[in-house]
Amino acid sequence: MKKLEIKTPSCESIIYCGDGALDKILPEVLTGRQLFTVTDSRVYKLYKSFIDEKLAPFGQVHVITAGERSKNYTCLMGILKAMLAAGVKRGGTVVALGGGVVGDIAGLAASLYMRGVHLVQIPTTLLSQVDSSVGGKTAIDLCGVKNIVGTFYQPETVIVDPVFLKTLPAREIRCGLGEIIKYGALNKDIYIKLIENQNSLKTIGFLKDITYDCIAHKADVVARDERESGIRKTLNLGHTTGHAFELYYRRKSHGEFVLIGMYYELYIAVKKGICPPEYAKSLKELIIKVIEVPAYEDAAEACRGAAYDKKNVKAQEISVIVPASAGEPEELRLPAAEYAALVGECARNMRLEKGE
Ligand SMILES: NC(=O)c1ccc[n+]([C@@H]2O[C@H](COP(=O)([O-])OP(=O)(O)OC[C@H]3O[C@@H](n4cnc5c(N)ncnc54)[C@H](O)[C@@H]3O)[C@@H](O)[C@H]2O)c1
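Anchor point for the sequence shown: position 303 equals 313 in my numbering, and the numbering is continuous, going up by one each time.
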C-alpha cells in the first residue's frame, strides 16, 4: 500500500492506494466516528456483507439508484434529508462508497450539510479510483448540463483498494481506461508504460500499478491548482468533445465518451499543427484497443452543444486540451463553428477510411 498527500490552501487530503488499503485504513478512520454512508444499489447488492459489517454499525447507510441519472437535485435533497433525519452532527463523516456518481453527489452533500462535514471517499470503479475520488470536485447535473452545480471539497481520506475491481464488468474497466489513457496523454512516464503494456492494458496487475501513477499525477496537479484556474484545466483533455457527445448520444458512459472525445480532439490537434501525427497515431492506437470509436453522422451537430459546457466560459469560443508532445498538453481555443466543423470532418474521414 502506498500513501500520497495533497496539501491545498483549504485542506489536506490523504490517499491510501493498493492491496490491503481497506482492511488497514478503514478501522483507523472509523474509530469513534458517526458515519453516514452513501452507496448505490448495485454496489450495495455486491458488497452488502462488507457494508453491514464494517459501515452500518457506525451510522446510517443511504442507497441511491445506480447510474448517471442519480446525479440530480432530487437525489441530492434525498441524501441531505436523510442526513438530517439520521441526526448527523457537524463532526459526522460522509463515506462515499461507489463509483464517480456516488463520489460526486455524496461529496456535494458532505460539503453542503452544516456547511461541511468530514468526507471519506472509497472508490469502487476503476474510473473513480484513478480519477474522480481524488481532487475534491463534487457535482450534480442540472437541466441537461453536466456537473454544472458543485463545489470544490477535498475528502479527508481516500481509500483506493483494487479489491473492488474484481467485480467490475468489462465495460467499467473500459471507462477507467479512458481516464488512464487521458493521463497517458498528459504524463510522459504514464505514456511510456501504456505503450510498453499495450497488450495487457486490461489485466488487474497492470491496472493496480498504473492507478497509483495516475493518482500521483492528479495529486500533483491539484496541489498546484485546486480551483482549476491554470494547470488543472489540462485534466479535461478529451472532455470537451466527450461531454458534448455524452449529452447528445447518451448511450455510452462518461469514461467511454472521454476516450471517443480524445480521439476526435487528436484529429483537431494534428489539423491545427499542434500535435505531431506520429504521436497522435500512437495515442489513437491505444484508444482503439479499448473502444471502437464511432464515426458519428451528426458529430458536428452534437458538438454545437459544447458551447454550453461550463468550461467554455466565452460561449462562442471552445477550449480543447490537446497533447503537443509526450507530457506537454496545451490549451487550444477556437471558434465554436470551426471546432464543430473539424469534428464533423474527423467523422467523415473515419467513414471514408472504413469505406462507408
Ligand atoms: N469529480 C471528478 O473529478 C470526476 C472526474 C471524472 C468523472 N467524474 C464523474 O464520475 C461519474 C462516472 O463515474 P463511474 O464511471 O464510476 O460511474 P458510476 O458511479 O455510475 O459507476 C458505474 C457502474 O458501476 C457500478 N459499480 C460501482 N462499483 C462497482 C464494483 N466494484 N463492481 C461492480 N459494479 C460496480 C455502479 O453501480 C454503476 O452501475 C460521472 O458522473 C462523471 O461526471 C467526476
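Idealized CB from N, CA, C, for every residue including glycine.
- Using a Cβ distance threshold of 8 Å, T135 and L107 do not count as a contacting pair.
- Taken atom to atom, the span from the alpha-carbon of A309 to that of M124 is near 44 Å.
- Burial check for Q131: the Cβ neighbour count within 10 Å reaches 16 or more, so the residue is buried.
- Secondary structure of N207 (DSSP, three-state): coil.
- The segment 108-154 is shown to contain whole alpha helix (DSSP H) runs of 4 or more residues at 110-122, in chain order.
- For G109, the CB falls within less than 7 Å of some heavy atom of ligand 1.
- CA-to-CA, the gap between S20 and L196 works out to about 26 Å.
- Between K156 and D114 the beta-carbon gap is near 10 Å, outside 8 Å, which marks them as no contact.
- Look at the segment 283-313 and you find these whole runs of alpha helix (DSSP H), each 4 residues long or longer: 287-300.
- A direct Cα-Cα distance of roughly 26 Å separates T49 from L269.
- With a threshold of 7 Å, the Cβ atom of S263 counts as near ligand 1, since some heavy atom of the ligand is closer than that.
- C185 has its CB nearer than 7 Å to a heavy atom of ligand 1.
- At least one heavy atom of ligand 1 lies closer than 7 Å to the C-beta of R52.
- Here DSSP, grouped into helix, strand and coil, assigns G42 to coil.
- For Q208, the CB contacts under 8 Å within the same chain, skipping 5 residues up- and downstream, are E295, L296, K299 in chain order.
- Separation of T103 and Y289 (C-alpha to C-alpha, rounded to the nearest whole angstrom) is 45 Å.
- Per DSSP, the continuous beta strand (DSSP E) segment holding E22 begins and ends at 22-27.
- Separation of K212 and I284 (C-alpha to C-alpha, rounded to the nearest whole angstrom) is 30 Å.
- The alpha-carbon of H128 is positioned some 7 Å away from that of A120.
- Under the three-state reduction of DSSP output, R343 falls in the strand class.
- Listed in chain order, the alpha helix (DSSP H) elements of length 4 or more contained wholly in the segment 182-269 are 198-206, 214-234, 249-259.
- Taking C-alpha positions only, G252 is separated from Q70 by approximately 36 Å.
- Considered as a whole, the segment 47-87 harbours 71-74 as its complete beta strand (DSSP E) runs of no fewer than 3 residues, in chain order.
- Between ligand 1 and the CB of D171, the shortest heavy atom gap is not smaller than 7 Å.
- Sorting V159, V330, A334 by C-alpha distance to the C-alpha of E348 places V330 at the top.
- DSSP places P172 within a helical segment (H, G or I) once states are collapsed to three.
- Taking non-hydrogen atoms of ligand 1 into account, the C-beta of A106 is found less than 7 Å away from none of them.
- Look at the beta carbons and you see the segment 33-41 touching the segment 162-181: at least three pairs across the two are nearer than 8 Å.
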